[in-house]
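Below is one structure, written out as structure tokens; the observations come after it.
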Amino acid sequence: MASIALTTSSPTLPSLRSRTFKITPLKSIRLCNSYNVTVLKSNNYSSSIPSLKLDKVGFGIRPIQRDLRVTVSAASGASVIPAPAPAAQPWQGAAIKPLLASIALGVILWFVPAPSGVSQNAWQLLAIFLGTIVGIITQPLPLGAVALLGLGASVLTKTLTFAAAFSGFGDPIPWLICLAFFFARGFIKTGLGNRIAYQFVSLFGSTSLGLGYSLVFSEALLAPAIPSVSARAGGIFLPLVKSLCVACGSNAGDGTEHKLGSWLMLTCFQTSVISSAMFLTAMAANPLCATLTANAIQQTIGWTDWAKAAIVPGLVSLILVPLILYVIYPPTVKSSPDAPRLAREKLAKMGPMTTNEKIMAVTLLLTVGLWIFGGALKVDAVTAAILGLSVLLVTGVVTWKECLAEGVAWDTLTWFAALIAMAGYLNKYGLISWFSQSVVKFVGGLGLSWQLSFGILVLLYFYSHYFFASGAAHIGAMFTAFLSVASALGTPPYLGAIVLSVLSNLMGGLTHYGIGSAPVFYGANYVPLAQWWGYGFLISIVNIIIWLGVGGIWWKAIGLW
Numbered sequence: 064m065a066s067i068a069l070t071t072s073s074p075t076l077p078s079l080r081s082r083t084f085k086i087t088p089l090k091s092i093r094l095c096n097s098y099n100v101t102v103l104k105s106n107n108y109s110s111s112i113p114s115l116k117l118d119k120v121g122f123g124i125r126p127i128q129r130d131l132r133v134t135v136s137a138a139s140g141a142s143v144i145p146a147p148a149p150a151a152q153p154w155q156g157a158a159i160k161p162l163l164a165s166i167a168l169g170v171i172l173w174f175v176p177a178p179s180g181v182s183q184n185a186w187q188l189l190a191i192f193l194g195t196i197v198g199i200i201t202q203p204l205p206l207g208a209v210a211l212l213g214l215g216a217s218v219l220t221k222t223l224t225f226a227a228a229f230s231g232f233g234d235p236i237p238w239l240i241c242l243a244f245f246f247a248r249g250f251i252k253t254g255l256g257n258r259i260a261y262q263f264v265s266l267f268g269s270t271s272l273g274l275g276y277s278l279v280f281s282e283a284l285l286a287p288a289i290p291s292v293s294a295r296a297g298g299i300f301l302p303l304v305k306s307l308c309v310a311c312g313s314n315a316g317d318g319t320e321h322k323l324g325s326w327l328m329l330t331c332f333q334t335s336v337i338s339s340a341m342f343l344t345a346m347a348a349n350p351l352c353a354t355l356t357a358n359a360i361q362q363t364i365g366w367t368d369w370a371k372a373a374i375v376p377g378l379v380s381l382i383l384v385p386l387i388l389y390v391i392y393p394p395t396v397k398s399s400p401d402a403p404r405l406a407r408e409k410l411a412k413m414g415p416m417t418t419n420e421k422i423m424a425v426t427l428l429l430t431v432g433l434w435i436f437g438g439a440l441k442v443d444a445v446t447a448a449i450l451g452l453s454v455l456l457v458t459g460v461v462t463w464k465e466c467l468a469e470g471v472a473w474d475t476l477t478w479f480a481a482l483i484a485m486a487g488y489l490n491k492y493g494l495i496s497w498f499s500q501s502v503v504k505f506v507g508g509l510g511l512s513w514q515l516s517f518g519i520l521v522l523l524y525f526y527s528h529y530f531f532a533s534g535a536a537h538i539g540a541m542f543t544a545f546l547s548v549a550s551a552l553g554t555p556p557y558l559g560a561i562v563l564s565v566l567s568n569l570m571g572g573l574t575h576y577g578i579g580s581a582p583v584f585y586g587a588n589y590v591p592l593a594q595w596w597g598y599g600f601l602i603s604i605v606n607i608i609i610w611l612g613v614g615g616i617w618w619k620a621i622g623l624w
């Protein structure tokens, strides 16, 4: 029979009482005052138990095996307090309140009668779409899971066919974004990202603001040559920005996001929509604006015309937006005087480029070259990206197992494709054209000056982008109607076309799905969704003021009105 002798430094006290009880696993007892404990029986218990000396503050006994019986002899006034039972396993499913909120909104809208001129299918899809958006904002589940639930609801209710619901997976943009994450993996894995990041830090890294501006203007210089903002953001700048953040000790998910990464990611995203607005060839849907303008008002917007109109307000935005974000959403590390020296030391330690770095660099140059000259070669952006990834896979620079492990890439592909499908069918079902016509009738009936009427049209056009996951879809659905009404109300037609064209880029900064660069930078997980939307709305106000204020003066000076 094994025994445990428990003693205290206190003198032995009289009037002892004995009690025997059973201890079950994961429970303990606390003994106060003087005590003696003897093990009377232990099933399957063979290990030796040493004597223990305890303080009077108490002691918890945790048995190793079941059915351990202990006799406790305690002085008068001693107490036996069983420890609380172990906590139950935490709930692994959806957050219930956000889930119920998104479902409730969808159900309420579903049973609200559809307005005159809106088909039942369109209204029901709107209910599912808005419920999904609320779910994406409140996140009862990961974004991809929420989007999949939305698609499931649309198929289950026969609002969309299976082919229609999953048609977004046939769109090239979600795949281009997904491929960009695989490129980023190779960029960082090979060390090429760190090498370029250290070069940037050595030149501009004495302050965070200087580092940010160097990236902003580098992206703007590349914008007219690379017509896909998704490719520009995902294939070139996301890997670079992530490498810079890591090099500066700012990592996603470990509490160091605000050292540099949160501000830098948000800044690079918000300025990517500005650089897209500055050139006809800086965003894939910009030529669509020019085509629709020619059809609607029989005037042409050429490359030089667009650049001339956008260059002044664009440069003002590129200068002010990073500075404003620096003030309202600042990085905690603002100045690093030693950073350039440390970066040069890191570069020296890295030595010459490795073989994998060289392969990564050549592949990146090949892909970027195809993005620039792909139009002449009839190679689109996603095909160029697939070709580049193929080189990385064949050479082993990136493995398919590593691609499969990029959970954020697949999650982004899922939710972005889902939103593209639902938003596209809202347009096909006629909801967007009904909305455009309703707005046109409303504004036209107010009897305001053309300036005020155009201002209202601009705001409605801009903020209706919350319902779109594609700039091209928004432009195709609403551009012609709004331009025609603005012209009919007295707005100079060419001015109206220029304003709507540049705003078709700037409105992409509202959400994490509104333009191709949004899912790329948001997917890095440095900025929470609520802050992404909040700062997106705030910067949208800044951009509207700059482009209609400074831009309006500039456009007057060059004779657009």
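The opening position of the sequence shown corresponds to residue 64 in my numbering, with each subsequent residue numbered one higher.
Quick reminder that beta carbons are idealized off the backbone N, C-alpha and C, glycines included.
Distance check for residue j and residue i, CA to CA, integer angstroms please.
i, j, result
"Ile391", "Val375", "24 Å"
"Ser271", "Pro385", "11 Å"
"Trp215", "Gln183", "Checking the sequence, you will find Gly at residue 215 rather than Trp. About 18 Å."
"Ala444", "Thr334", "21 Å"
"Leu242", "Gly622", "44 Å"
"Phe225", "Asn419", "43 Å"
"Ser496", "His537", "11 Å"
"Thr446", "Ser527", "31 Å"
"Val279", "Ile608", "20 Å"
"Leu563", "Ser293", "21 Å"
"Trp463", "Leu456", "7 Å"
"Thr554", "Gly615", "13 Å"
"Arg258", "Leu303", "10 Å"
"Leu323", "Cys311", "7 Å"
"Ala185", "Phe505", "21 Å"
"Gly571", "Leu329", "13 Å"
"Val460", "Phe245", "11 Å"
"Leu522", "Trp513", "14 Å"
"Ala472", "His575", "14 Å"
"Ala260", "Ser230", "38 Å"
"Gly213", "Leu193", "10 Å"
"Val218", "Ala373", "43 Å"
Looking at the strands, I want to know which residues DSSP matches up with residue i.
i, result
"Thr270", "Ser398"
Using CA atoms only, rank isn't needed, just tell me which of the options is closest to residue i.
i, options, result
"Leu162", "Ile199, Gln183, Trp186", "Ile199"
"Val309", "Lys252, Met346, Ala286", "Lys252"
"Gly507", "Trp617, Ala551, Glu408", "Ala551"
"Lys397", "Ser269, Thr354, Ser453", "Ser269"
"Ser339", "Ile382, Pro393, Ala283", "Ala283"
"Leu476", "Phe436, Lys491, Ala532", "Ala532"
"Gln187", "Phe584, Gly614, Tyr488", "Tyr488"
"Ile299", "Pro153, His528, Asp234, Gly451", "Gly451"
"Asn606", "Met341, Val197, Thr462", "Met341"
"Thr626", "Ile449, Thr417, Gly414, Pro415", "This structure cannot settle anything about residue 626, because the visible part of the chain is limited to 64 through 624."
"Gly318", "Ala164, Leu546, Asn588", "Asn588"
"Val170", "Ala158, Thr195, Pro178, Gly180", "Thr195"
"Ser383", "Arg295, Ser603, Pro237, Ala620", "The question names Ser, but residue 383 in the sequence shown is Leu. Of the listed residues, the one whose Cα sits closest to Leu383 is Ser603."
"Leu467", "Ser501, Phe525, Arg248, Leu427", "Arg248"
"Phe525", "Phe545, Leu511, Pro582, Thr458", "Phe545"
For the alpha helix (DSSP H) that contains residue i, what are its first and last residues?
i, result
"His537", "534 to 537"
"Val506", "494 to 507"
"Phe531", "First-last for Phe531: undefined, no H or E at that position."
"Phe525", "513 to 526"
"Lys160", "159 to 174"
"Lys305", "301 to 310"
"Asp368", "366 to 391"
"Gln629", "This structure cannot speak to residue 629, because the chain is shown only from 64 to 624."
"Trp618", "614 to 620"
"Gln594", "592 to 608"
"Pro350", "349 to 360"
"Ala560", "556 to 569"
"Gln333", "324 to 341"
"Ala544", "543 to 551"
"Val181", "Per DSSP, Val181 belongs to no alpha helix (DSSP H) and is neither H nor E."
"Asp589", "With the sequence shown as reference, residue 589 is identified as Tyr, and Asp is not the correct amino acid for it. It is not in any alpha helix (DSSP H) - Tyr589 carries neither H nor E in the DSSP assignment."
Is there a Cβ from chain C that is less than 8 Å from the Cβ of residue i?
i, result
"Trp326", "Included in the structure is just one protein chain, with no chain C present."
Is residue i near the ligand MN, in the sense that its beta carbon is under 7 Å from a heavy atom of that ligand?
i, result
"Gln152", "In terms of ligand content, the structure shown is empty, and the ligand MN therefore cannot be addressed."
Exercise for the section: Scan the stretch 426 to 486 and note each continuous alpha helix (DSSP H) run of 4 residues or more that stays entirely inside, going in chain order. Expected result: For the stretch 426 to 486, whole alpha helix (DSSP H) runs of length 4 or above, ordered along the chain, are 444 to 458, 463 to 467.
Handout entry: Whole alpha helix (DSSP H) elements within the stretch 226 to 299, 4-residue minimum
Key = Counting whole runs of 4 or more residues, the stretch 226 to 299 contains the alpha helix (DSSP H) stretches 235 to 252, 255 to 267, 271 to 285.
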